[in-house]
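A.B. asks:
2 protein chains.
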Amino acid sequence: MPTLHLIPSPISKLIELPAFVEELRWIIVENLREARRFLRANFSSFPIDECHFLEINKNTLNLNDISRFLKKAQEKNQDIGLLSDAGVPCVADPGSEVVRIAHQLGFKVHPLIGPSSILLALMASGFNGQQFAFHGYLPIPENEQINRIMHLEAESSKRTMTQIFIETPYRNNALLERLLKTLNPSTRLCVAADIQSATEEIVSKTVRDWQHVKYNFHKRPAVFLLYAG
Amino acid sequence: MPTLHLIPSPISKLIELPAFVEELRWIIVENLREARRFLRANFSSFPIDECHFLEINKNTLNLNDISRFLKKAQEKNQDIGLLSDAGVPCVADPGSEVVRIAHQLGFKVHPLIGPSSILLALMASGFNGQQFAFHGYLPIPENEQINRIMHLEAESSKRTMTQIFIETPYRNNALLERLLKTLNPSTRLCVAADIQSATEEIVSKTVRDWQHVKYNFHKRPAVFLLYAG
């Protein structure tokens, strides 16, 4: 039974891949250029030209292509690697459709350890790590966004649950201002920016104490967390 | 400003720590014996006897002790390491209280990449990784547990959210039976057992298809995931 290996890629700092990845010749990637560069950075003589690549991304996710690629590898009894664009595959990216089809076809699925900005932010927030939820992006229209923030805060309080979400980086400061205006002063708020890079900055305070912080998260990849438990 | 480094420990397979960990002399651990063994496995001449250790766990979590330890290190301008028992610190373990106090005292907090059975299970499930929630343990009394399962399924359907939870390993089979009886046939259910070990087994199917699976997860650490999106 062939295996689908879920292979992490770097968020910012280069990561080291286990040796067996050098043997893979069937590889599904989100970004072919980045994937090639990363594989060559890990294995200088990685034989790119001998590999079968399938590129997937949110906009061109063709389930038939994925299915056909997996079946071909399976016929030849070949393992497959799935590489995401940044961080671990299948968390906040389209890779989970590949995994779903692999399970249906009878592949073994093997996840590898790697960076997840969501998980690293949760660890570093100091908020409850025994109950937490990741919501992706909040709605953009002002009223909907405010309602959603208030709902997340109420749920966090009711279930002692850490609430995690993200924003398009150029809107980070606007979202943070809205959070500080909307949330209760005693609610705790964390922004984890530039995770894994030299400029990594993780600020975790009550909304009250945030008022004294000089911040600028403009265009920096960031994870937002709130806790009202 | 000293740093609190959040250091992962192995789930099953040994992991490699970055070199700077060898320089730390102030270390907070969940299990002192395991921590010593792990540090020596990574750095054969790690000077255990020169280190200041503080042991914390769920039952003996003394916030004053933690605060005192952090302040002492801070006075001497020393970085601190926080090591969990298995996997990354602060996810499904008591470490987050240490991080909370560290933020209050003005420490920089630096999370390191490491294994999380929850995240690895989510990746390998093939379920939605763009919205997900971890709930810890479900209630034990039968009626409460059934109600909770039905509630999680309804929420998963409403919000296209993957629901993740765990069970005391000797009750895994009982929980799985209850899930299969309670959930809709089209709901998808994944059990990820023995993550990171040689016997790792990840089964992800609709409830309908689970009826044909011979399984035994008794006393094996496992993560449960359901998705009704």
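Protein chains in written order, with the working numbering: chain C, 19 to 247; chain B, 19 to 247.
Note that CB positions come from ideal geometry on N, CA and C, so glycine has one too.
(1) How would you write the range of the beta strand (DSSP E) that C:Glu73 sits in, first residue to last?
(2) I'd like to confirm the pairing. Which residues does DSSP put opposite C:Phe219 in its beta bridges?
(3) Would you decide whether B:Ala172 is buried or exposed? Buried here means 16 or more other CB atoms lie within 10 Å of its CB.
(4) Please report the straight-line C-alpha distance between B:Phe145 and B:Phe242, rounded to a whole angstrom.
(5) Give, in chain order, every residue of the stretch 136–148 of chain B whose Cβ lies closer than 9 angstroms to some Cβ of chain C.
(6) Looking at C-beta atoms only, is the number of pairs between the stretch 40–56 of chain B and the stretch 65–73 of chain B that lie closer than 8 angstroms three or more?
(7) Less than 6 angstroms between C-beta atoms, sequence neighbours within five positions excluded: which residues of the same chain meet that for B:Ile45?
(8) How long is the line joining the alpha carbons of B:Pro36 and B:Arg226, rounded to whole angstroms?
(9) Mind checking if B:Ile220 is an interface residue toward chain C, Cβ cutoff 7 angstroms exclusive?
(10) Is there a Cβ of chain C sitting closer than 7 angstroms to that of B:Val209, yes or no?
(11) Just how far apart, CA to CA, sit C:Ile136 and C:Leu24?
(12) B:Phe152 versus chain C: which residues are under 7 angstroms apart at the beta carbon?
(13) Using beta carbons (cut-off 7 angstroms, strictly below), is C:Pro65 in contact with chain E?
(14) Name, going along the chain, the residues of the stretch 88–113 of chain C whose beta-carbon falls closer than 8 angstroms to a beta-carbon of chain B.
(15) Which residues, in chain order, does the stretch 116–129 of chain C contribute to contact with chain B at a C-beta distance below 9 angstroms?
(16) Quick check: the stretch 155–175 of chain B against the stretch 195–203 of chain B, are there 3 or more CB pairs under 8 angstroms?
(17) Count the other CB atoms, across all protein chains shown, that sit within 10 Å of the CB of C:Thr205; report buried if there are 16 or more and exposed otherwise.
(18) Quick one: which chain C residues come within Cβ less than 7 angstroms of B:Leu24?
(19) Measuring alpha carbon to alpha carbon, tell me which residue in B:Asn60, B:Pro129, B:Gly113, B:Ser30 is nearest B:Leu79.
(20) Flag this pair as yes or no: are the beta carbons of B:Ile29 and B:Pro159 separated by less than 7 angstroms?
(21) Using the rule of at least 16 other Cβ atoms within 10 Å of the residue's Cβ for burial, across every protein chain shown, is B:Asp67 buried or exposed?
(22) Is the distance from the Cβ of B:Leu42 to the Cβ of B:Asp103 below 7 angstroms?
(23) Do the stretch 186–193 of chain C and the stretch 183–193 of chain B meet, that is, are 3 or more Cβ pairs less than 8 angstroms apart?
(24) Residues of chain B with CB under 7 angstroms from C:Ile134, in chain order?
(25) In terms of residues, what are the limits of the alpha helix (DSSP H) holding B:Phe87?
(26) How would you call C:His128, buried or exposed, if buried means at least 16 neighbouring beta carbons within 10 angstroms?
(27) Starting from C:Gln163, trace the alpha helix (DSSP H) in both directions and tell me its first and last residue.
C.D. replies: Concretely, from the data shown:
(1) For the purposes of this step, residue 73 of chain C is taken as residue 55 along the first sequence, with counting starting at 1. Unbroken beta strand (DSSP E) run through C:Glu73: 70–73.
(2) Within the first sequence, residue 219 of chain C is the residue found at index 201, counting from 1. Sequence inspection shows Glu at residue 219 of chain C; the Phe mentioned does not correspond to that position. According to DSSP, C:Glu219 bridges with C:Ala211.
(3) Along the second sequence, read from residue 1 onward, the residue named residue 172 of chain B stands at position 154. Classification for B:Ala172: exposed.
(4) Locating residue 145 of chain B in the second sequence gives position 127, counting from the first residue. Locating residue 242 of chain B in the second sequence gives position 224, counting from the first residue. Taking C-alpha positions only, B:Phe145 is separated from B:Phe242 by approximately 12 angstroms.
(5) The residues in question are Ile136, Leu137, Leu138, Ala139, Leu140, Met141, Ala142, Ser143, Gly144, Phe145, Asn146, Gly147, Gln148.
(6) With a cut-off of 8 angstroms, the stretch 65–73 of chain B and the stretch 40–56 of chain B count as touching, because enough Cβ pairs lie within range.
(7) Within the second sequence, residue 45 of chain B is the residue found at index 27, counting from 1. Excluding sequence neighbours, B:Ile45 sits near Cys69, Phe71, Gly99.
(8) Against the second sequence, residue 36 of chain B aligns to sequence position 18. Against the second sequence, residue 226 of chain B aligns to sequence position 208. Going by the C-alpha atoms only, they are around 45 angstroms apart.
(9) Looking up residue 220 of chain B in the second sequence gives position 202. Yes, B:Ile220 lies at the interface with chain C (some Cβ there is under 7 angstroms from its Cβ).
(10) Walking along the second sequence from the start, residue 209 of chain B turns up at place 191. Taking Cβ atoms only, chain C never reaches closer than 7 angstroms to B:Val209, which makes this a no.
(11) As a first step, residue 136 of chain C must be located in the first sequence, where it is residue number 118. As a first step, residue 24 of chain C must be located in the first sequence, where it is residue number 6. The straight-line gap from Cα to Cα measures roughly 17 angstroms.
(12) Here residue 152 of chain B corresponds to residue number 134 of the second sequence, with the count starting at 1. Close partners of B:Phe152 in chain C (Cβ separation under 7 angstroms): Gln149, Phe150.
(13) Among the chains of the structure shown, chain E does not appear; the protein chains present are C and B.
(14) If the cut-off is 8 angstroms between Cβ atoms, the stretch 88–113 of chain C has Val106, Pro107, Cys108, Val109, Ala110, Asp111, Gly113 near chain B.
(15) Close to chain B, meaning a Cβ-Cβ distance shorter than 9 angstroms, are the following residues of the stretch 116–129 of chain C: Val116, Val117, Arg118, Ile119, Ala120, His121, Gln122, Lys126, Val127, His128, Pro129.
(16) With a cut-off of 8 angstroms, the stretch 195–203 of chain B and the stretch 155–175 of chain B count as touching, because enough Cβ pairs lie within range.
(17) By one-based count along the first sequence, residue 205 of chain C stands at place 187. The residue is buried, with at least 16 neighbouring Cβ atoms inside 10 Å.
(18) Your numbering for residue 24 of chain B matches position 6 in the second sequence. Going along chain C in sequence order, the residues near B:Leu24 (Cβ under 7 angstroms) are Met141, Ala142.
(19) In the second sequence, residue 79 of chain B corresponds to position 61, counting from 1. Of B:Asn60, B:Pro129, B:Gly113, B:Ser30, the residue nearest in Cα terms is B:Gly113.
(20) Indexing the second sequence from 1 puts residue 29 of chain B at position 11. Indexing the second sequence from 1 puts residue 159 of chain B at position 141. For B:Ile29 and B:Pro159, no; Cβs fall outside 7 angstroms.
(21) Here residue 67 of chain B refers to the residue found at position 49 of the second sequence. Around the beta carbon of B:Asp67, fewer than 16 other beta carbons lie within 10 angstroms, which makes this residue exposed.
(22) Position 24 of the second sequence, counted from the start, is the residue given in the question as residue 42 of chain B. Position 85 of the second sequence, counted from the start, is the residue given in the question as residue 103 of chain B. Cβ distance not < 7 angstroms, so B:Leu42 and B:Asp103 don't count as in contact.
(23) Result no; under three Cβ-Cβ pairs closer than 8 angstroms.
(24) If you number the first sequence from 1, residue 134 of chain C lands on position 116. The residue asked about is misnamed: residue 134 of chain C is Ser in this sequence, not Ile. Within chain B, Leu137 have C-beta atoms less than 7 angstroms from the C-beta of C:Ser134, given in sequence order.
(25) In the second sequence, residue 87 of chain B corresponds to position 69, counting from 1. If you look at B:Phe87, you'll find it in the alpha helix (DSSP H) that goes 81–93.
(26) Along the first sequence, read from residue 1 onward, the residue named residue 128 of chain C stands at position 110. C:His128 should be labelled buried.
(27) One-based indexing of the first sequence puts residue 163 of chain C at position 145. Bounds of the alpha helix (DSSP H) holding C:Gln163 are 160–177.
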